[in-house]
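A short worksheet on the structure shown next.
Numbering (this note's numbering), first residue to last: -11 to 585.
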């Protein structure tokens, strides 16, 4: 019996040794893979963020698996930069704060200084100048402690931009020159190019066009030598501003077009918008109003400035939440430390047999593997949830941009033309009527969007009542058609806000087409739901109908938009019509459909 126990212990010891060696080999391979993925992200995150995001996601999961906090800190910082250039400043700040937590835990002053610099840039972009300057000051103080000249220069250069935004040009120029001196000291031509650009910008604001052009061209030369596509695009943009102010409109247009081309290649929405607005302005100056309108429309379709205040408020909420959570985390860690010390003291008093210790270790190993697997699954689930939330936000923002942005662009351009006509004592009253109607339509569109977003869920009956009000409003001035609306709602289920908004836009388009183009004397609308059909909208008119093949050839965008929106939410779309036989459109969502869930 003693021999059997002895052999059993030896076998357990051998199996334990093999397991340790196998785990060590797996961890070594994972560490090498993480190193490779992190290198790929660092090479592309600044110049081609969209390409690097997938690699960064994989690297973050692997870093969590290996519990490599330094790798996580670096990856979160780079991910934040990619989100910043992609225009998602709220998410960018969240990732910066995660990175800062890891660097602080490791007392990595260089890492903290770098994150403060990026946070300052984000706050500066959101026009939160005092907070931006505080971040740059933190970065400069930390980098001074460790004598990191490059980071010190970057903090001075960025701080100069804040002075410039406060209109303190002398302080800004002084800060830029200090940064330039440090960059020259470490032979950093990339950093020098940013200082040259900023100094040239100061001279441009002072109308010293000669010195401004000299410094801006020097910055461009350095960047072309280093093949820095994104900074090159900004150089073209600032040179365009210079030539526009000098009256060289053709040279300005050439620079703006180069900046736009690069911004599209880089998929940098903020830079695209600036280039479009610049092109709209210079084309307006030379009298090319049609081109100016096209550029204004493209600019407003990228990003609506109405939400800048909301974005600033969201950033403040994230910062406050971070500070609270950071304090809670410190208290939790202290409590865990005390509990761990108590546990170790208790464990020192326990004496177990070798066999029982081996069995205990095997059980703990299994629990550790199970816990690690649970963490990975939780992280993957959270990532999927975040992606789904981001997709819903994008759908809603696209809806606002496609409708309100285009409507407001139409209003702005027509007001500009009307203003010019007033000065010439010659104007068209129909234009002002058109602007008034389009403004009312923009307000109505915003109200509909707010109605959808202000509810966590919208019932079928509420949807039907909202659409009835819309129909009554739209048909006030149309006395030719008899309009009937019928509810057959057996099952008053609810719809998510983004789904309700898509359905409302489809129903609007179908009704508008029947009212304006069908020449119908009768229009009937039926809303229904049942056990098998969650939602159904049917509109029928006895109008002139149309040839669907001919409509497709001519590119009927209203019909295309209805099909696209239906596909987005997993709804069925069916159109029945022909010449002189009326039109019927049916939109339905099956009860078991989960596309929008």
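Don't be surprised by glycine CBs; every beta carbon is placed ideally from N, CA and C.
Residue closest to residue i, alpha-carbon to alpha-carbon, out of the options
i	options	result
residue 497	459, 479, 474, 485	459
residue 535	54, 553, 569	569
residue 103	74, 75, 116, 67	67
residue 20	44, 159, 560, 50	50
residue 223	454, 88, 436, 206	206
residue 45	63, 556, 56, 57	63
residue 564	558, 528, 542, 557	528
residue 474	517, 370, 175	517
residue 456	444, 515, 437, 39	515
residue 141	121, 164, 120, 16	164
residue 218	485, 74, 579	74
residue 189	542, 202, 178, 179	202
residue 437	283, 249, 485	485
residue 93	57, 111, 42	57
residue 479	540, 522, 327, 461	522
residue 447	227, 526, 492	492
residue 178	216, 194, 18	216
residue 157	134, 355, 195, 503	195
residue 487	461, 18, 159, 445	445
residue 187	174, 176, 151, 173	151
residue 144	403, 114, 349, 160	160
Euclidean distance between Cα positions of residue i and residue j
i	j	result
residue 567	residue 547	16 angstroms
residue 99	residue 127	10 angstroms
residue 82	residue 264	30 angstroms
residue 54	residue 520	49 angstroms
residue 297	residue 530	Note that residue 297 scores 44 on pLDDT, short of 50, meaning its location in the model is unreliable; the coordinates nonetheless yield the value given after this. One C-alpha to the other measures close to 48 angstroms.
residue 130	residue 105	11 angstroms
residue 553	residue 490	6 angstroms
residue 148	residue 125	11 angstroms
residue 481	residue 524	12 angstroms
residue 138	residue 97	14 angstroms
residue 242	residue 232	11 angstroms
residue 252	residue 266	15 angstroms
residue 72	residue 505	45 angstroms
residue 366	residue 545	43 angstroms
residue 276	residue 286	16 angstroms
residue 597	residue 258	Lying before the first or after the last residue shown, residue 597 is absent from the chain, which here runs from -11 to 585.
residue 87	residue 24	20 angstroms
residue 262	residue 407	24 angstroms
residue 146	residue 197	23 angstroms
residue 344	residue 357	20 angstroms
residue 556	residue 550	10 angstroms
residue 85	residue 78	11 angstroms
residue 220	residue 211	6 angstroms
residue 30	residue 22	12 angstroms
residue 572	residue 561	11 angstroms
residue 109	residue 121	9 angstroms
residue 238	residue 280	14 angstroms
residue 542	residue 532	18 angstroms
residue 463	residue 454	15 angstroms
residue 269	residue 236	13 angstroms
residue 327	residue 335	12 angstroms
residue 526	residue 494	11 angstroms
residue 273	residue 240	11 angstroms
residue 282	residue 249	16 angstroms
residue 427	residue 123	41 angstroms
Minimum Cβ-Cβ distance from residue i to chain B less than 8 angstroms
i	result
residue 545	The structure shown contains no chain B; it holds only a single protein chain.
Integer Cβ distance of residue i from residue j, believed to fall under 8 angstroms
i	j	result
residue 76	residue 101	In fact, because the Cβ distance is near 24 angstroms, the residues do not count as touching under 8 angstroms.
residue 225	residue 204	Residue 225 to residue 204, Cβ: 10 angstroms. No contact.
residue 26	residue 59	6 angstroms
residue 200	residue 208	Contact doesn't hold; Cβ gap of about 13 angstroms is too wide.
residue 500	residue 477	Not really, about 24 angstroms apart at Cβ, beyond 8 angstroms.
residue 69	residue 111	Incorrect: roughly 14 angstroms between the Cβ atoms, too far for contact.
residue 247	residue 228	7 angstroms
residue 61	residue 90	4 angstroms
residue 290	residue 260	6 angstroms
Ignoring anything shorter than 4 residues, give me the alpha helix (DSSP H) runs that lie fully in the region 191 to 265, in order along the chain. 197 to 214, 217 to 234, 237 to 254
How about the region 161 to 171 and the region 179 to 196: do they share at least three Cβ pairs that are nearer than 8 angstroms? yes
With a cut-off of 8 angstroms, do at least 3 Cβ pairs link the region 469 to 480 to the region 504 to 517? The region 469 to 480, when compared against the region 504 to 517, does touch it at the 8 angstroms Cβ threshold.
Can you check the region 123 to 153 for any alpha helix (DSSP H) of at least 4 residues that lies completely inside it and give the ranges in chain order? Listed in chain order, the alpha helix (DSSP H) elements of length 4 or more contained wholly in the region 123 to 153 are 137 to 153.
For a minimum of 4 consecutive residues, which ranges assigned as the alpha helix (DSSP H) are wholly contained in the region 499 to 566? Secondary structure remark: continuous alpha helix (DSSP H) runs of at least 4 residues inside the region 499 to 566, in chain order: 536 to 542, 545 to 556.
What are the start and end residues of each continuous alpha helix (DSSP H) run of 4 or more residues lying completely inside the region 37 to 102, in chain order? 37 to 54, 57 to 73, 77 to 93
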